[in-house]
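First up is the structure itself, then whatever we jot down about it.
There are 4 protein chains.
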Amino acid sequence: MSSSFGKLFTITTFGESHGGGVGVLVDGMPPGIAVDPEAVQRELDRRRPGQSAITTQRQEADRVEIVSGVLDGVALGTPILMLVRNTDQRSKDYSALKDVYRPGHADYAYDAKYGVRDHRGGGRSSGRETVGRVAAGALARAALATVGVSIVGGTVRVADIEAAARDWELAERNAIRCPDAEAAARMIALIERTRDAKDSVGGVVEVVARGVPAGWGDPTMSKLDAMLGAAMLSIPATKGVEIGGGFGMCALNGSQTNDVFDGEKYASNFSGGIAGGISNGNEVVVRIAVRPATSIGKPQTMAKAGGGTETVAIEGRHDPCICPRVVPVAEAMLAVTLMDAWLRQRALRGRDR
Amino acid sequence: MSSSFGKLFTITTFGESHGGGVGVLVDGMPPGIAVDPEAVQRELDRRRPGQSAITTQRQEADRVEIVSGVLDGVALGTPILMLVRNTDQRSKDYSALKDVYRPGHADYAYDAKYGVRDHRGGGRSSGRETVGRVAAGALARAALATVGVSIVGGTVRVADIEAAARDWELAERNAIRCPDAEAAARMIALIERTRDAKDSVGGVVEVVARGVPAGWGDPTMSKLDAMLGAAMLSIPATKGVEIGGGFGMCALNGSQTNDVFDGEKYASNFSGGIAGGISNGNEVVVRIAVRPATSIGKPQTMAKAGGGTETVAIEGRHDPCICPRVVPVAEAMLAVTLMDAWLRQRALRGRDR
Amino acid sequence: MSSSFGKLFTITTFGESHGGGVGVLVDGMPPGIAVDPEAVQRELDRRRPGQSAITTQRQEADRVEIVSGVLDGVALGTPILMLVRNTDQRSKDYSALKDVYRPGHADYAYDAKYGVRDHRGGGRSSGRETVGRVAAGALARAALATVGVSIVGGTVRVADIEAAARDWELAERNAIRCPDAEAAARMIALIERTRDAKDSVGGVVEVVARGVPAGWGDPTMSKLDAMLGAAMLSIPATKGVEIGGGFGMCALNGSQTNDVFDGEKYASNFSGGIAGGISNGNEVVVRIAVRPATSIGKPQTMAKAGGGTETVAIEGRHDPCICPRVVPVAEAMLAVTLMDAWLRQRALRGRDR
Amino acid sequence: MSSSFGKLFTITTFGESHGGGVGVLVDGMPPGIAVDPEAVQRELDRRRPGQSAITTQRQEADRVEIVSGVLDGVALGTPILMLVRNTDQRSKDYSALKDVYRPGHADYAYDAKYGVRDHRGGGRSSGRETVGRVAAGALARAALATVGVSIVGGTVRVADIEAAARDWELAERNAIRCPDAEAAARMIALIERTRDAKDSVGGVVEVVARGVPAGWGDPTMSKLDAMLGAAMLSIPATKGVEIGGGFGMCALNGSQTNDVFDGEKYASNFSGGIAGGISNGNEVVVRIAVRPATSIGKPQTMAKAGGGTETVAIEGRHDPCICPRVVPVAEAMLAVTLMDAWLRQRALRGRDR
């Protein structure tokens, strides 16, 4: 169950970058929820490579097939298998990487762990694994919508450039998915320069859930923030997660960060919508640190599997900044986490909310 | 299983702040490992209130009893129950809090979730729940020591004051548990001023595991960093977690943050000892954001359960900065997480490392 | 989690026969349910040794303490620890058994598995482990009663003597807990003869749940009968389980065993209240095979840990037929299993039934 | 996770009888184990309908595709998706069954549980779900073979006809898979008569694991017999399971059923190879009660979804006795259960055996 997430809404991703396909098995979708294959496809299209000048030009059609668990557009309550075939498999591109460990990549760790490794395109550690997450997230979003929960997100920082605004509708209209048009332009310019230098750059992605009622999340080990911590740090290339005020609160006082509540509304949201591990009725706000993509075109020193090092430039189609492609993945994982918390609360109280 | 963490080394904490006791049930301790009750007690003493002028003066003896699973100082491989009785229960202190929702606290969220709440001392949401985590962590540390893994930690930031050094031995010798003597003095002075102002302040705790071999952590959903995300964000008052370079990496380039590896040593540790969710042989480095303690003496506006608000000052014994008491808890959760990852790797490969 | 059962109503038993105590940690009790310690105690008293002339004369007060999770007689929704101290520990009785493997017992298997073993009174493999099950079952019964589900049971066979009637009220009024007075008398006479011969005899225990609505149980791997299979075969000394018609159906035709249903009532109950792994509205009927107690007074040949065999008579207080003491345990496990299935169905549908 | 079985070797089946396909996702296959698609196919061919005159004539090619987790014939340690497309889908056959509840079938229970149902061919409750179990079992068998564990099985009873011998090699050579040639002939004759009467008959399937070392199985809730109870009773149409002496032991004395052990060999196997929930080095022996197939051609009274009843004869291709097709499924579930227990023991002890 290493590839499973969620206790009641359980998603299990499968697939290597260059095998027969990737996807997800979703167990626990409530019966009777409408499932629209096109809605799933739309989310996958948001994740797909080749969308803009600042993403990798690898082309994958990424058409999803819903193999089971849905009849006449309605979830049966049985496992839903969603399968996306791999198509653009230039396996020969990768043969040179069979016996070296790329810096920053998981090559060495995979070999140490498994003793065997699919070196083609990163195998299981490829970002391609997130296809299944996004497909599962689309189902979770459809279910959450029935109780008024919606999810938005975007890139709020690239290198030192921070978004000053949170116009989420705007986020989908620029290549970096930034909710601040002015910052977006500067981010994109920086990323293009980084790409031309055959390098990569990091950033921060923020995702927000609206309409979450108070009461979701299960103390003490399945607190909502704990589950979000697991969900977000399981996304490739993430190295940090914060809720609400996050690390920024460290420099403040309790009298500033204790969100004043009048019984209906909160005066602030340092808690990020979660108190004691339970949603408190405020917006759930999560930010994740996205490291600079480890795949870069610059020559790098690499350890050889047999010993010694060599300096190699990895040709290929790289993402200079993966933030815009992480956005739909982080949204999906937020949806999946909330979905599970919702169902757990239904079990606890025996009613919908 | 909401209060359980870990798949093979499973800890389940129990207990409210003012009930019959708190503690932990540990299932999955490998048989034959020596269990020293005094080592457990030492860790609990590090967590205990009343240790210094900058922690709450609440007095709890916190003596642990190992009820089951250990015979003649050796783990039997059966569930180990560790129980700590509650003693200093001034329940009358809390009667005024029965019908108000303290800002920043989980009171309202608990009511919304459960419909019933033990209001005395925070009940289950009390920091007292971490007694069980620390006791379980002591067992995990003993087991990990048999394969050469050790854990250190300390407070590396309070408000804007950052530790410049990482002298972990020194951390245990000052009240804030800072691995930098000069910063420690400034942190303590700031905390004393904060305490006198009846306020609280946040900080950052860092924990480090040494000797972790490459290969621990289970992609893709039980990656080591994902499990650490859940472990750390389940600790009360934490609102962020980062691994290695964390959020700081966002401003850098891949050519800087790709840790160069020569097959034996890494030139840097931006990955925090984890690549692709698997330990890579480097030190595992985790930092958590600790919010300013929500319990403060200043008057605050609170929602009343029946509607309306009132302004109340909560008398009592508060921690102006909980970082030093979070340190042993974070170390414990790091130990527990690694312990589980270790056993999973034993299952995968059928050998100890 | 080897000692845990249940996904949403999770019970974890702990304790060895001669350690500090035995008991159970229950996680997932719905908040607001009334918890009566005396009701728990009553169930434990039904399981306790020394109740009649045909059970072991070992004396254990078996007083339960509810340590956490309950306030003012109401479940908080947090983990409930129930602890029973061991008192009648004649450890010296058992010193002779340290280095032999009793036939039929788990001694050798425990040594092979763990490499270390608490030989006193069977340690963890003692029937005393069932104390925790019975205590947890009492909570489950209280919760199930709120939706009209009740549980009865008894011994329906000893050796070749079968109960012809199912007068469950009567079952509590004879020492063998048989729902047929005439058969009970014959069973007891047989057991007394067996006891005098320093031997033991097996039997069959039947437990029945009334009022279970259609819809509980989760295909395909958590079917209600599958979960009952695990629950019942985890009880010490059980070696078989059957639902409804069970093994007896093998000799019949489908036209006989297909329970005819008119939309409200069933004409028969060969399915034992479960169709396709889901409760169908009929009574849930489960029978378990209880082997002759492995602890007998007759001299037996035993393997020595160091090699070779010896013939030993184990003095002590044995149960000649454990069926009457298995009854409350089997009822408890039925209650726990149904409880979990109920909560899962609440999660699935978002309503109580 | 309702469709998942196993903690470390986790199989999740998916698929309805008449959707896009059926299959299994296996997570936890140890890396480096050779995976032969033809070995998987051979097991599926044993399960397939249309093999003989006494099985349904429904034709399904049941060709398996291994989509992920295997490279160059070796398991990568990542999730293995195995997919079998549905081909012979005569959906129109089933339209008459949309609004009736067939007796003995799960139709009503499914409606009560999910509120929506795929009525075509039983949907998820179809025996076709076992395709995934058999495919997963083939992987488990391959892995177990590396430590010397092998599995055999057959039909040992049909109606009142019992096999007197256990010649397992012979079992594969007759249509009923009986390990006793003489009994096999009588069983087949009886089944043919039953088929001609448009009825069905039950039986008992026995599966045996050889070479299981002492030490597998995890007390107290994941005992090997408990896990086998869940595994076997999750198979469609099973209504009972017994280990070793099973229900037959009830009529015996402890002095007869305590398997005498000399440190190397057992004089008998009433325990069925499991003591205290742990394998004891003897053969693991499991028998399951297979009810008469609920699908029969005789006219039957059925409840209508809208109220009332009607009498209908369900035309179609039915199995008069499903025992021979249950054999490979039960063997597969035995293999999967042992596989999980083996990996858990590796985690506990850090070595292969």
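Residue numbers (our numbering), protein chains in the order written: chain A, 211 to 563; chain B, 211 to 563; chain H, 211 to 563; chain D, 211 to 563. Built from N, CA and C at the ideal position, the CB exists for glycine as well. The model shown is predicted, which means the values in this text are computed figures rather than measured ones.
Please decide whether residue i counts as near chain H, where near means a Cβ-Cβ distance under 9 Å.
i                 : result
THR288 of chain A : yes
PRO241 of chain B : yes
LYS323 of chain B : yes
GLY412 of chain B : no
PRO429 of chain A : yes
LYS217 of chain A : yes
ASP309 of chain B : no
Inspect the beta-carbon positions of residue i and residue j and report whether they are closer than 9 Å.
i                 : j                 : result
LEU235 of chain B : LEU286 of chain H : no
SER505 of chain H : HIS315 of chain H : yes
GLY242 of chain B : TYR318 of chain H : no
GLU339 of chain D : THR223 of chain D : yes
THR365 of chain A : PRO530 of chain A : no
ALA306 of chain B : VAL539 of chain B : no
LYS217 of chain B : SER432 of chain B : yes
ARG556 of chain D : GLY560 of chain B : yes
THR448 of chain D : ALA499 of chain D : yes
HIS228 of chain B : TYR320 of chain B : no
ALA545 of chain H : GLY347 of chain H : yes
From the DSSP output, which residues share a beta bridge with residue i?
i                 : result
MET292 of chain A : A:VAL234, A:ILE276
GLY456 of chain D : Beta-bridge pairing links GLY456 of chain D to no other residue.
PHE219 of chain A : Answer is none; PHE219 of chain A lacks a bridge partner.
GLN510 of chain D : D:VAL522
THR448 of chain B : B:VAL500
ASN463 of chain D : H:VAL411
ILE281 of chain A : Here residue 281 of chain A is Leu; the residue named in the question, Ile, does not match the sequence. A:VAL284.
Give a yes or no on whether 9 Å exceeds the smallest Cβ distance from residue i to chain A.
i                 : result
PRO530 of chain D : no
ALA557 of chain H : yes
SER214 of chain D : yes
GLY612 of chain H : Here chain H covers residues 211 to 563 and nothing more, so residue 612 of chain H does not appear.
ILE276 of chain D : yes
ARG312 of chain B : yes
ARG256 of chain D : no
Using a Cβ-Cβ distance cut-off of 9 Å, determine whether residue i contacts chain B.
i                 : result
ASN384 of chain A : no
ALA285 of chain H : yes
GLU525 of chain A : no
VAL194 of chain H : Only positions 211 to 563 of chain H appear in this structure, which leaves residue 194 of chain H out of reach.
THR265 of chain A : no
Hey, does residue i have any beta-carbon neighbour from chain D nearer than 9 Å?
i                 : result
GLY560 of chain B : yes
LEU553 of chain B : yes
MET192 of chain A : Beyond the ends of chain A as shown, which are 211 and 563, falls residue 192 of chain A; an answer cannot be given.
LYS433 of chain B : no
SER336 of chain A : no
THR223 of chain A : yes
With a threshold of 8 Å (Cβ to nearest heavy atom), would residue i be considered close to the ligand SAM?
i                 : result
ALA395 of chain H : Although the ligand SAM was asked about, the structure shown includes no ligands whatsoever.
So residue i and residue j are supposed to be a Cβ contact under 8 Å. How far apart are they, rounded?
i                 : j                 : result
LEU293 of chain H : GLY439 of chain D : Not quite, the Cβ-Cβ distance comes to about 29 Å (not below 8 Å), so this is no contact.
ASN463 of chain H : PRO429 of chain D : That pair is no contact at about 40 Å.
Taking the runs of the alpha helix (DSSP H) that are 4 residues or longer, which of them lie wholly in the region 324-386 of chain B?
Counting only runs of 4 or more, we get 340-355, 378-381.
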